[in-house]
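Just so you know, the sequence shown maps onto residues 88 to 564 in this note's numbering.
Read the structure below first, then the notes.
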Amino acid sequence: MTMKKYISILSMLLLVLFTFSCSDEIMDEIDTDPNNPSDVPISMLMSGVTVGAPYWVAGTELGWYCSIFVEHTAGAHGQMRDADRRANINSQLSENSWAFFIYPRLLPDLKIIIEKGSEGGNEEGKWVDVGIAKVLMAYTMFVTTDTWGRVPYSEALLGKENRYPAFDTQESIYEAMFDLLDEAIDDLQRESVSIPGGEDFIYAGDADAWVMAAYSLKARYSNRLSNIDPAGSAAEALAAAANGFVSPLDDFTFDNFSTDPGHENTWYQEENERKHHAVSVTFYNLLEELNDPRIPLFFNQVGGEYVPAPNGTATQDQAGQIYSRISGNVIYDVAPLPIMTYSELKFIEAECHLRKSSPDPAAALEAYEDGLDAALASAGVDPADAQVYKTQPTVLPADAANLTPEMIYAQKQIALWPYGAVEAYAEWRRTDFPTMTNPFDTPRRFPYPQNEISGNGENVPDVTVYNGVWWDDGTED
88 MTMKKYISIL SMLLLVLFTF SCSDEIMDEI DTDPNNPSDV PISMLMSGVT
138 VGAPYWVAGT ELGWYCSIFV EHTAGAHGQM RDADRRANIN SQLSENSWAF
188 FIYPRLLPDL KIIIEKGSEG GNEEGKWVDV GIAKVLMAYT MFVTTDTWGR
238 VPYSEALLGK ENRYPAFDTQ ESIYEAMFDL LDEAIDDLQR ESVSIPGGED
288 FIYAGDADAW VMAAYSLKAR YSNRLSNIDP AGSAAEALAA AANGFVSPLD
338 DFTFDNFSTD PGHENTWYQE ENERKHHAVS VTFYNLLEEL NDPRIPLFFN
388 QVGGEYVPAP NGTATQDQAG QIYSRISGNV IYDVAPLPIM TYSELKFIEA
438 ECHLRKSSPD PAAALEAYED GLDAALASAG VDPADAQVYK TQPTVLPADA
488 ANLTPEMIYA QKQIALWPYG AVEAYAEWRR TDFPTMTNPF DTPRRFPYPQ
538 NEISGNGENV PDVTVYNGVW WDDGTED
């Protein structure tokens, strides 16, 4: 199936979902018997989930709002300007992702793939498909719980058997997702009756690549628990990273956008049509203080100079005549959408080598430089300019003993910009780096959507957006 054809199908599907919300009709559809001959085959479901997970979990409203919250961008127009001024931080904020895709479509489809391809399923033995689905389910649930805190999982996919699912603790979801990634790694290495090809829009059925992605995700989410178990989380992350990406060629990336209208990179559509985002002064200053050569590659000028926007107080500027915007070098119609990269993995390793029970600054510096080199190359920095940049002790200390966690956090935030905003927002909550400049308080989670409050209100936790999630403040609010 071509990308153009699939996205057309996805668009029609989303229209139906928006029309009916989470009505009984949709709940009945979700609960369709996976053994019914009329059910969709794994091959078509695989196309859906390998497009849908990047598209909805990282590439649309969650990413755009996270970018505002972590001050990678500033809101210059419309709902993003409202979010920057905290004028719309309510139950309508991210309802699309939760109520129209993650819970009614993506997670059920992943569950069906797992059931159909596993023992007893009507496509039994498709272990690579099963492994891919488990990786994507783990990734989706990690992001979902990081975004909202306690969320439905153990009772979330029971369909008509339970339309009022309980909200699981974040700790229990993390434990379940680590187990799911371990299962995925095992499944991906089993003998499979068939291997997905073009219907896998991420790795084209390359099981080894998916194994590396699973290990790399284990490293990311183990490191997330640094405030819960500093040394233990470092050891777990390093053990997983040892089997993760070995070069930028292994990046976990969606690279199948099209130049056809409506099928382009989702950030490109946002910036080309709605123009909600300007360059944030917080993020710009982070680069300027380091004399970073990525500035001219990342940002457009206004009147011959860079003019970043202040978060929370920016003037309305949809036309981009007041503030600098993200460069077309970064956001363009077929730009890849990274989910996790080699550079991020190396920065995780660097941090964990400093935090583990027996710190190893030399190993930390080596991993840090590898991550920095990969990030600079990915941004298109000239190798000569990269070498000059690295001569600064604030960028690359000559003595490993002078490498600090804050140096790692800074380069990681820069490497995550702009497409890794969901991860960058989680990292800010974990590390409190960089310092936010918005005069309004920064939310530490997203509000629960109105659809869930209306339909399952007794189970929705009573929290505000300023309560930290479990790995942030140590409590299960």
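Heads up, the beta-carbon is just placed ideally off N, CA and C, and yes, glycines get one too.
Short of 6 Å from the beta carbon of C153, and not among the five residues preceding or following it, lie these beta carbons of its own chain, in chain order: A508, V509, Y512. Around the C-beta of Q498, 16 or more other C-beta atoms lie within 10 Å, and the residue is accordingly described as buried.
Around the CB of V333, fewer than 16 other CB atoms lie within 10 Å, so the residue is classed as exposed. Residue environment for N352: buried (at least 16 other C-beta atoms within 10 angstroms of its C-beta). I413 is bridged by DSSP to F386. Taken in chain order, the complete beta strand (DSSP E) segments of 3 residues or longer contained in the segment 153–180 are 160–162. Ranked by how close their Cα comes to the Cα of L490, the residues L275, E438, R311, E376 have E438 in first place. The DSSP assignment places 339–341, 364–366 as complete runs of the beta strand (DSSP E) inside the segment 320–375, in order along the chain (cut-off: 3 residues). If only uninterrupted alpha helix (DSSP H) runs of at least 4 residues are considered, those enclosed by the segment 489–539 are 492–503, 508–518. Segment contact: the segment 186–201 against the segment 396–414, fewer than three CB-CB distances shorter than 8 Å; contact not assigned. With contact defined as three or more Cβ pairs closer than 8 Å, the segment 129–137 and the segment 169–176 are not in contact. With contacts defined as CB atoms closer than 8 Å, P423 and F341 qualify as a contacting pair. When DSSP states are grouped into helix, strand and coil, D255 belongs to the strand group. Counting along the chain, no beta strand (DSSP E) covers L245, and no H or E run does either.
According to the DSSP assignment, I426 belongs to the beta strand (DSSP E) that extends over 424–427.
If you look at I219, you'll find it in the alpha helix (DSSP H) that goes 214–235. F344 and D287 have their alpha carbons spaced roughly 14 Å apart.
Less than 8 Å divides the Cβ of K221 from the Cβ of D274. Close CB contacts of G331 within its chain, under the 6 Å cut and outside five residues either way in sequence, are with M299, Y302, S303, A306, L432 (chain order). Taking the Cα of M133 as reference, the smallest distance to any Cα among F187, L194, N546 is reached at L194. Between H159 and P505, the gap from beta carbon to beta carbon is short of 8 Å. Here DSSP, grouped into helix, strand and coil, assigns V238 to strand. Between the beta-carbon of T227 and that of D338 there is about 19 Å, and that puts the pair past the 8 Å contact cut. Counting only the Cα atoms, D316 lies some 22 Å from T231. Going by beta carbons, Q500 and P521 fall inside the 8 Å limit. In the pairwise beta carbon analysis, the segment 243–263 is classified as touching the segment 539–551: at least three pairs are separated by under 8 Å. In this structure, A294 is the residue among E270, Y410, A294 with its C-alpha nearest to the C-alpha of S279. Per DSSP, reduced to three states, the secondary structure at A396 is strand. Between I413 and H364, the CB-CB gap stays under 8 Å. Closest by C-alpha distance to G390, out of Y410, I382, L384, is Y410. By the beta-carbon neighbour count (other beta carbons within 10 angstroms, threshold 16), L267 is buried.
Selection V368, D420, S241, R361 evaluated against A406 yields R361 as nearest (Cα-Cα). Annotation for Q403: A163, H164, R168 place their beta carbon closer than 8 Å to its own, counting only its chain and skipping 5 residues before and after. S309 sits in a helix when the DSSP states are folded into three classes. For P317, the secondary structure class from DSSP, reduced to helix, strand or coil, is helix. Rounded to the nearest angstrom, the Cβ distance from P492 to L459 is 15 Å, too far for a contact under 8 Å.
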